[in-house]
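**Student:** Okay, here's the structure, questions in a sec.
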Amino acid sequence: MPEYSHTESTALSTDVNNNPVVESAGHGNASDEVAPPQRFNIALALAKPFKGLSSASENNLHKASRCGDCNWILRCLLQNCRNDENDDESPRDGGSTAPDINERNRLGASPLWLASLMGHADAVELLIKHGADLETEDIKGQTPLFAATKFNHVECVRILLQAGAKPDGSDTNISTPIYVTARDNYPDVMDLLISYGADVNGRHGKHTPGDVRGDYPGNLPIYMTLVYRHFECFRHLVKGGADLCLPPSLNGAGGSTSLLCGALRYMCDVRYTELLSLCGGLVQHHEEISELIRMYRTSGRTRTREETLEYLEEWNCNPMKLSDLTRIVIRHNMGQQRMRFITSLSLPKRLQDFLSLRPLP
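Sequential numbering from 1 applies to the sequence shown in the UniProt record's numbering.
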């Protein structure tokens with residue numbers, strides 16, 4: 001067994017006594033109670049998702065919501081006694097018979113969260129009508145809207161948004177509903193989210209500005225539509241005002257051509273490049289585009305679609321139409337909520353279609 005010197009023992013004792021965690025635990029004072037140290041605030045933040053969890057597995061209302069039984073849900077809500085385990089009117093056994101409508105199970109799921117996850121639109125509407133909280137999160141920070149989005153339950157998403165659910169989900173969740181729709185190719189849900197004001201740049205992963213690790217291109221919804229070649233979702237994001245200039249801290253080419261690099265790398269068809277061109281994603285980058293064309297033409301190891309290269313070569317040699325340049329400027333000045341502005345203006349339908357990038361008749 002090793003022996004320790006008196007000096008080492010003294011140093012160890014000093015380290016322990018100077019440890020702020022040990023000090024706060026053993027030598028608390030009045031000032032600590034008035035202004036808790038930052039580490040205590042961190043502990044509270046970590047414990048937040050678990051606040052209000054039920055010790056029971058699931059109660060009757062959870063079960064009724066999971067299976068979408070509206071009659072059973074109503075019976076649970078109308079019970080006067082919350083913990084009557086001998087209720088003969090319940091068609092199923094187990095759990096409390098009249099729980100709080102927002103009570104969470106051990107995984108943090110509320111009845112509304114479960115109904116949204118399973119796609120039971122009638123149950124979702126019923127629970128909301130009786131006062132269910134739209135933003136109650138599970139232990140991952142996922143809201144009922146996020147749960148419905150994950151499994152492409154369009155009608156549930158519509159009901160939740162109409163009732164006032166936040167389209168961007170929770171700040172405590174690592175991801176956003178718009179990111180899920182881009183990754184999993186849910187264009188109908190994405191269109192709904194955008195129409196209710198969702199941030200089209202809502203990325204996956206929380207980070208502070210300037211954190212290079214958070215600027216990985218795969219964290220961006222629009223980049224994921226390139227990786228998996230989900231054109232309809234890509235179109236919705238571009239129309240909705242997604243940033244076409246990726247953060248400069250990304251690896252590879254910066255600026256607007258980064259999206260073009262992604263389209264070429266993942267062999268997206270020419271529609272992606274055409275749409276980038278119409279929205280200004282290729283303007284003022286002739287030299288970079290020329291370099292990309294040269295790289296793909298001369299390198300035997302780098303492949304992409306021939307039709308895309310031919311389009312870029314033609315685009316690089318011919319100026320854009322004045323009407324297309326005008327549309328780019330107008331859409332840019334309207335900002336991210338451009339689609340709302342376009343539809344709210346007293347413009348002829350043909351001009352609205354032109355600004356909205358809809359095919360003209």
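The beta-carbon is built from N, C-alpha and C at its ideal position, and this holds for glycine as well.
Quick check on DSSP: helix, strand or coil for L220?
**Tutor:** In this structure, L220 counts as coil in the three-state DSSP scheme.
**Student:** With DSSP collapsed to three states, give me the class of N59.
**Tutor:** Looking at N59 - three-state DSSP - the assignment turns out to be coil, as it is neither helix nor strand.
**Student:** Since T343 is in the alpha helix (DSSP H), which residue starts that stretch and which ends it?
**Tutor:** From DSSP, the alpha helix (DSSP H) with T343 extends over 338-344.
**Student:** Use the C-beta contact count for T143: other C-beta atoms within 10 angstroms, 16 or more gives buried, fewer gives exposed.
**Tutor:** Buried is the call here.
**Student:** Report yes if the C-beta distance between P177 and P167 is below 8 Å; otherwise report no.
**Tutor:** Yes. Within cutoff.
**Student:** Whole angstroms is fine: what's the gap from L107's alpha carbon to D191's?
**Tutor:** For L107 and D191, the distance between alpha carbons rounds to 30 Å.
**Student:** Indicate the three-state DSSP secondary structure (helix, strand or coil) for Y179 in the structure shown.
**Tutor:** DSSP places Y179 in helix when its eight states are reduced to three.
**Student:** Among the residues of its own chain, which have a CB less than 8 Å from the CB of L74, if the five just before and after it don't count?
**Tutor:** Counting only Cβ-Cβ distances below 8 Å, and skipping sequence neighbours, we find L126.
**Student:** For S170, which residues from the same chain have a beta carbon less than 6 Å from its beta carbon, with the 5 sequence-adjacent residues on both sides left out?
**Tutor:** Here the set comprises E137, G141, T143.
**Student:** Could you check what DSSP says for D188 in three-state terms: helix, strand or coil?
**Tutor:** D188: helix per DSSP, three-state reduction.
**Student:** Cα-Cα, which of Q79, A109, L260 is closest to R66?
**Tutor:** Out of Q79, A109, L260, A109 has the C-alpha closest to the C-alpha of R66.
**Student:** Residues in its own chain within less than 8 Å of H286 by CB, not counting five upstream and five downstream?
**Tutor:** Around H286: N316.
**Student:** Quick one: give me the first and last residue of the alpha helix (DSSP H) that I174 is part of.
**Tutor:** I174 -> no alpha helix (DSSP H), and no H or E assigned at all.
**Student:** State the Cα-Cα distance for the pair P217 and L246, rounded to the nearest angstrom.
**Tutor:** P217 and L246: Cα-Cα distance of roughly 8 Å.
**Student:** Suppose you measure from the CA of M339 to the CA of E103; what does that come to, to the nearest Å?
**Tutor:** When rounded, the distance between both Cα atoms is 38 Å.
**Student:** Per DSSP, what kind of secondary structure is E135 in: helix, strand or coil?
**Tutor:** Coil, per DSSP.
**Student:** When the Cβ atoms of the region 300-315 are set against those of the region 341-357, are three or more pairs found closer than 8 Å?
**Tutor:** Verdict: no, contact absent.
**Student:** Cα separation between N59 and H153?
**Tutor:** If you take the alpha carbons of N59 and H153, they lie about 24 Å apart.
**Student:** Which residues in the same chain have their Cβ closer than 6 Å to the Cβ of G280, if we skip the five residues on either side of it in sequence?
**Tutor:** Answer for G280: I328, listed in chain order.
**Student:** Within the continuous alpha helix (DSSP H) that includes H120, where are the two ends?
**Tutor:** Careful: H120 lies outside any alpha helix (DSSP H) and carries neither H nor E.
**Student:** Report the three-state DSSP secondary structure of L347 (helix, strand or coil).
**Tutor:** Correct three-state label for L347: coil.
**Student:** So, for Y296: in the same chain, excluding its five sequence neighbours on each side, which residues have a beta-carbon less than 7 Å away from its beta-carbon?
**Tutor:** Within the same chain, Y296 has close Cβ partners L264, T302, T304, L309.
**Student:** Counting C-beta neighbours from all protein chains within 10 Å, is the total for S346 16 or more, i.e. buried, or is it exposed?
**Tutor:** Label assigned to S346: exposed.
**Student:** Can A163 and I139 be called in contact, C-beta distance under 8 Å?
**Tutor:** Cβ distance not < 8 Å, so A163 and I139 don't count as in contact.
**Student:** According to the Cβ coordinates, are L193 and A165 closer than 8 Å?
**Tutor:** For L193 and A165, no; Cβs fall outside 8 Å.
**Student:** If you follow the alpha helix (DSSP H) that A147 is in, where does it begin and where does it stop?
**Tutor:** Taken as a continuous stretch (DSSP letters only), the alpha helix (DSSP H) holding A147 covers 144-150.
**Student:** For N318, is the classification buried or exposed, using 16 other Cβ atoms within 10 angstroms of its Cβ as the cut-off for buried?
**Tutor:** N318 should be labelled exposed.
**Student:** Tell me the DSSP secondary structure of L275 in three-state form.
**Tutor:** Note: L275 maps to helix in three-state DSSP.
**Student:** On the criterion of 16 or more Cβ atoms from any shown chain inside 10 Å, does N343 qualify as buried, or is it exposed?
**Tutor:** According to the sequence displayed, residue 343 carries Thr and not Asn. Under this definition T343 is an exposed residue.
**Student:** Nearest CA to the CA of T225: which residue from A64, H332, V189, Y179?
**Tutor:** Among A64, H332, V189, Y179, the Cα nearest to that of T225 belongs to Y179.
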